[in-house]
Amino acid sequence: MTVLKAIQLTKEYNGVAALNNLNLEINAGEIFCLLGQNGAGKTTTINLFLGFIAASSGTATIHNIDVSANNAATKKLVAYIPEVVQLYGNLTGIENLDFFSRLAGFKYSDKELAAFLTRSGLQSNAQPKRLSTYSKGMRQKVAIAIALAKNAAIILMDEPTSGLDPVAVADFTKICKALSAEGRTIFMATHDIFNAVNVGTHIGIMKQGSLVHQVTTNSITANELQQLYLETI
Amino acid sequence: MNFQQVNNNPIPAISLSTQYWLFIKRRTNLLLLIIFFIAGLYGLYQGFAFKSKQVAAIDGFQNEKISKYNNLLKGFDADTTSKLGKEAFVAVSSPLKSNWNIVLPSYKMPVSTAIFAIGQADVFPYYYTVKVESFFMQIFKQGEIANPLRSLSGHFDIAFWVIYLLPLLIILLCFNTLSAELGNGNWRLINSQGITVKKWLSSKFLFVGYCIEIMILIVFITALLLNYVCFNQSPSLNDFLFLLGVNIYLFFWLCLIYMVNTLAKNTGVNAMYCGIGWVVICILVPVLISMAIEKSIPINNTSISRMSRRPQGAQFEDSSFGTKIIRDLAIAYPMLKNTTIGTNSASFKLAVYLAYHKLLDDANTAEVKNYFTKIEARQQITNHSSIINSAASMDGIFASLANNDAQANHDFFWQTKTFHSRLNTIYYPALFLEKQLSKSDYKKMPIFKYQANQNHKTLVFPYTILILISCLLLFISNKQMSKIS
Amino acid sequence: MIAKIISHEWLQWRRDSRLKWLTIFLVTISAFALWNQINFQSGLLKTRVKAQQDSRQEWLSQELKHPHMAAHFGNYAYKKPTLLHCFDPGLTIYTGTSVYMEPHRQNDFLFSQSQESDTGIRFGWLSPAMICQLILPLLIILLCFNSINGEYEKGTMALLIAQGVNFRSIIMAKTISVFLLFQGFITIYLLVTAYSSSLYLGTVLDFSALLYIWIVYSIYCFIWSLLGVLISSYIKNSGSSIAVLLLVWIFTHIIVPRASANIAENMRPLITNQAFKQLLSASIEKGIDGHDPKNERAKKIEEALLVKYKVDSVQQLPFNFEGFIMQQSEAYSSKVYDHHFSELFISLKAQKKIQSLFGFISPYISLRNISMAAANASLETEIDFQQQAENYRRSFVQNMNNDMKENSAYGSFATYRVSKDKYASIGDLQVQNRAMKWSLPSLIVEHISLLFWLVFLMSLLLISHRRKIYK
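Protein chains in written order, with our numbering: chain A, 1 to 233; chain Y, 234 to 718; chain F, 719 to 1189.
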């Protein structure tokens, strides 16, 4: 079943196309990794699916609902993990999660909140501590917990592994796979080719606003993907 | 799969309880609320202290005058066979003596709303001693002891709290409601949870609005209780119009800061906009408009100030001049047309002197009216300038509702003049018809009662304008919001 | 090194269009303020001079009458603006502008400008002093708020340090570059104000006061420049530093002055006129100490005179007893007035002292008091003016009563008239404006508090040098 779909999706800034006629279909349970240089249009694609920006032409749909026409409805269906996860330094991990869940309309007990954080890999002794004491990896785990707590079938991630140490990246990969196993769809923009091959089921390579290649990870090795990527850009 | 599907999901929302929860997580917020609340209570104390001082002064003044007046009245029952008794009887009954023995008090008791706004009350007299002689001559010598340093600094009353400090509280609590989230990168995460800019901002502003409203209501109710318990004053319509004005003014500020939030995405720029906005609205615009008003309505008090000089001259020695003056007065005041005063009368000189006073007052009235009208016009312009001068306009309105502006003082002045005339309608017949003042004359003596005049219609324009501006700001904000992602 | 940083700062400002707008704003509003005050004060001077002349004419043209009656015709004193009122009108707006002077009573100064103004005047009165006291610090804040943390945000601070500049020098250089800019403005503005007001008012300028004002305002300007730069260095983020600086500005310029004046009034409440008048009449009737009633006083004087001149009745005295007793009662009432007014002035001065102490929290209060004093518009000069007017009133009434005592016979009240030249011999009140040094003793606390601010901020500067504030 197609959950994310882009049809002729275009975004222009002052006449310059940041995204050019993107056609894309992502099915339920897939982990789709979008590769590309800075400015290739990865983040623009994610922002268009989230409705943060309006498309110049074309449509982005989630579960066949047009994002631009019914953004409030589509936002309920997706969770988002930004590149820079700042959250509130004066709140604890649990409190941050509670706050964002409330925004989405959920009211969880402390026990349930702790369970989400544990599932996202955050150790229980860190949970009652303030975010200002957290490392970037820990903050990202809270962001994942926020996505879990939203109970969304689709998770959009913008450069989720940037700035993470190898251990944190490994943790992250594990969680993504677990989420996929639960049937969730993950759509992420990333620079990390090796991680993409490792975690993703599908990979797209973008160049100057266009999707140039689309491959499945069982059909390509990491080295072949790197080769393809370098040739493309 | 039990993940979210369309139509059966919870509705994303940021409730007031969530805002409260987030608000109290930041200790400085609570501290700010407490500090500003204490400032409000202090403002209430100042208004209360000022009002109490006025009430105590009026009580002292009134008691002093009434006791002297009652002593004078005892002259009617005095034993006229004794020297002292005769003197006492003459003092009360003879127009020749009683002209300076009859001393009546007039005073402007602060109204209930005065507890909120001291306004101009510190520069105007609020009690007068009224005698038979020329009204302007005696009144333009009476003033209250000035405390210029305090007047220069201004009152720390509820009006100040509302006009200067509460907007500051709104700024401090709200100036970076959106920019902080944009700056620290949380905004997209919040937005991805389904919270729009409008929801985010409006819930925060609503919450802050409620907090401030609660503070205001506590202060307001306390003030009403103080009025009731300490001054025996029940709540008046003006109290509630003041409350309405406060709410409109703060609604305007909430809308303004709301708009600033949608205009700039950067905390620094927001702080600058809000800070400069505060300075412009609370200082620069009032100062410039006040300057423009002074220039457009010039006032010269030289001749008014000269009215305190005692009329003198050789003319008073001239009997034909005196006869003419008395005749003129009798023409102007038909009740005196049967005057029996002649050049041989014992009270001729006094009659001429007082007739001259009365005619002089009548001639001067137009000039004094003109002088006052100009001052009132200045105030009216300020009160009606809410379209660009919201702070000063509301300040003027608050002073007006509290009966502590120039208009109220002038009303008091003219009411005292009427009171003075009523005194003379009793005294003049005795003097000019050469009778003695009797007990029944004294029974007819007026008792001063200040009537607070308030034309509530004048509030409609400034209040409506401020509401419309606030709505316009909201409209601009909503337009602006669509540009934020 | 410091000079290089300063010229670099100025180069940046020259290329910043916002600064251009700020300059236009400052120049326009300063010109407006100056025009407003010169226009007002010169108009005021004209009307006051005219009023005084008219009053004089009325005095001179009154027909010959008994001297005491002539005294009752009374005289007026009109306060005239001094040249520096164009710079700082100070308290003059809230003090009465004219007083009616007559025998037996000291009248109040009435017709203050605030009574004729709308409530908008309470927000401040546009004058050059207002610009320098309120607006300049605000503009200094706008230039300073990101002077240090902005360098961190841009990443240039590390480069500056790496080039061998020490942190304290950077702060000092940034402070001086802002300070010099505004110092230049103050210098020019003061000179223009002094020159143009001397053109319109035509009175003599007190150069020492002008120099003094220049020094004090420069110090104030330096305090704000240093404060702005220091706060910018202590607060990481420029968004927060502007918020904090604006808050400090509002606190020191609006909240503290108001709160201090109100607290001072609470601590040393001023007597009401009604209570004051009661005290006066009680003292006159019963004696200042309450044990010297009026009629007994008169009797004592009479007895003492009869013994002294060895006569049996007051008619036999070599002078008019009525005139003498009038003078004596005038002298006694003067004593009573002096006694109670001095108490009133003591409580006013005590209030001012309490306010002055708040100068340690808000340098604005110190500057304001000093500026008002230098411009002859302070509480002390107001009290001094009242005392000069009162002294004049007494000498004028005494002069008229002396005439009666020395030249008229006992019981000739209805018939005696002053000689023709008597009226002209009574001059008008010539108010003596005090030189700057006259006010200095009342400004000790203000000077100490400004000095305290300087020392305090300089030591903060030194501390900031020694420790690493943030990475």
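Beta carbons: idealized from backbone N, C-alpha and C, even for Gly.
Since this is a predicted model, take the numbers as computed values, not measurements.
Contact annotation: in the region 87 to 113 of chain A, residues whose CB is within less than 9 Å of a CB in chain Y are Leu87, Tyr88, Gly89, Asn90, Leu91, Glu95, Asp98, Phe99, Phe100, Ser101, Arg102, Leu103, Ala104, Gly105, Phe106 and Lys107.
In this structure, DSSP gives Gln123/A a state outside helix and strand, which the three-state scheme calls coil.
At least 7 Å separates the beta-carbon of Thr615/Y from that of Ala624/Y.
Counting along the chain, Gly957/F sits inside the alpha helix (DSSP H) bounded by residues Ser956 to Ile968. The beta carbon of Trp511/Y is closer than 8 Å to those of Pro400, Leu401 and Ile404 in its chain, skipping five residues each way along the sequence. Taking 8 Å as the upper bound for CB-CB distance, Ile516/Y and Gly842/F are in contact here, some 6 Å apart. Rounded to whole angstroms, the Cβ separation of Ser950/F and Ile866/F is 4 Å, and the two are in contact under 8 Å. Of all residues in the region 405 to 425 of chain Y, only Asn417, Gly418, Asn419, Arg421, Leu422, Ile423, Asn424 and Ser425 come within less than 8 Å of chain A when Cβ atoms are compared, listed by chain position. If you compare the alpha carbons of Ile747/F, Gly814/F, Asn1119/F and Lys798/F with that of Ala769/F, the shortest gap goes to Lys798/F. In this model, Ala60/A and Ala54/A are separated by some 10 Å (Cα to Cα).
By the C-beta density criterion, Gly957/F is buried, having at least 16 other C-beta atoms within 10 angstroms. If you ignore the 5 residues before and after Glu12/A, its C-beta comes within less than 6 Å of the C-beta of Ser56, all in its own chain and listed in chain order. Distance check between Ile396/Y and each of Leu705/Y, Leu701/Y, Leu457/Y and Ser619/Y places Ser619/Y closest, using alpha-carbon atoms only. For Thr500/Y, a Cβ of chain F is located within less than 7 Å of the residue's own Cβ. Around the beta-carbon of Glu377/Y, 16 or more other beta-carbon atoms lie within 10 Å, marking it buried.
Annotation: Leu1161/F to Pro1081/F spans about 13 Å, alpha carbon to alpha carbon.
DSSP places His617/Y outside any beta strand (DSSP E), giving it a letter other than H or E. Nearest to Thr970/F by alpha-carbon distance, out of Gln780/F, Gly868/F, Gln851/F and Ser959/F, is Gln851/F.
Per DSSP, reduced to three states, the secondary structure at Asp628/Y is helical. Take Ala354/Y, set aside five residues on each side of it, and the residues of its chain with a beta-carbon closer than 6 Å to its own are Asn637, in chain order.
Shown in chain order are the members of the region 250 to 264 of chain Y whose Cβ falls below 8 Å from a Cβ of chain A: Thr251, Trp254, Leu255, Lys258 and Arg259. About 5 Å separates the Cβ atoms of Leu117/A and Ala145/A, confirming a contact at the 8 Å cut-off. Contact annotation for Gln1033/F against chain Y: no contact, minimum CB-CB distance about 23 Å [criterion: below 9 Å]. For Lys286/Y, the neighbours in chain F by C-beta distance under 8 Å run, in chain order, Pro987 and Thr990. Listed along chain F, no residue sits closer than 8 Å to Tyr302/Y by beta-carbon distance, the nearest being about 16 Å off. When the alpha-carbon of Ser779/F is set against those of Leu988/F, His1165/F and Tyr1141/F, the nearest one is in Tyr1141/F. Less than 7 Å separates the beta-carbon of Gly209/A from that of Gly41/A. Membership of Asn793/F in the beta strand (DSSP E) is indicated by the continuous run Asn793 to Tyr796. When DSSP states are grouped into helix, strand and coil, Met188/A belongs to the strand group. A distance below 7 Å separates the beta carbons of Gln287/Y and Tyr359/Y. For Tyr229/A, the secondary structure class from DSSP, reduced to helix, strand or coil, is helix. The Cβ atoms of Phe357/Y and Met540/Y lie no closer than 7 Å to each other. For Asp806/F, there is no enclosing beta strand (DSSP E), as DSSP gives it neither H nor E. With a 10 Å radius around the Cβ and a threshold of 16 neighbouring Cβ atoms, Arg102/A comes out buried. Its chain contains no residue whose beta carbon lies nearer than 8 Å to that of Met524/Y once the 5 sequence neighbours on both sides are disregarded. At a cut-off of 3 residues, the continuous stretches assigned as beta strand (DSSP E) that sit fully inside the region 307 to 370 of chain Y are 337 to 340 and 360 to 363.
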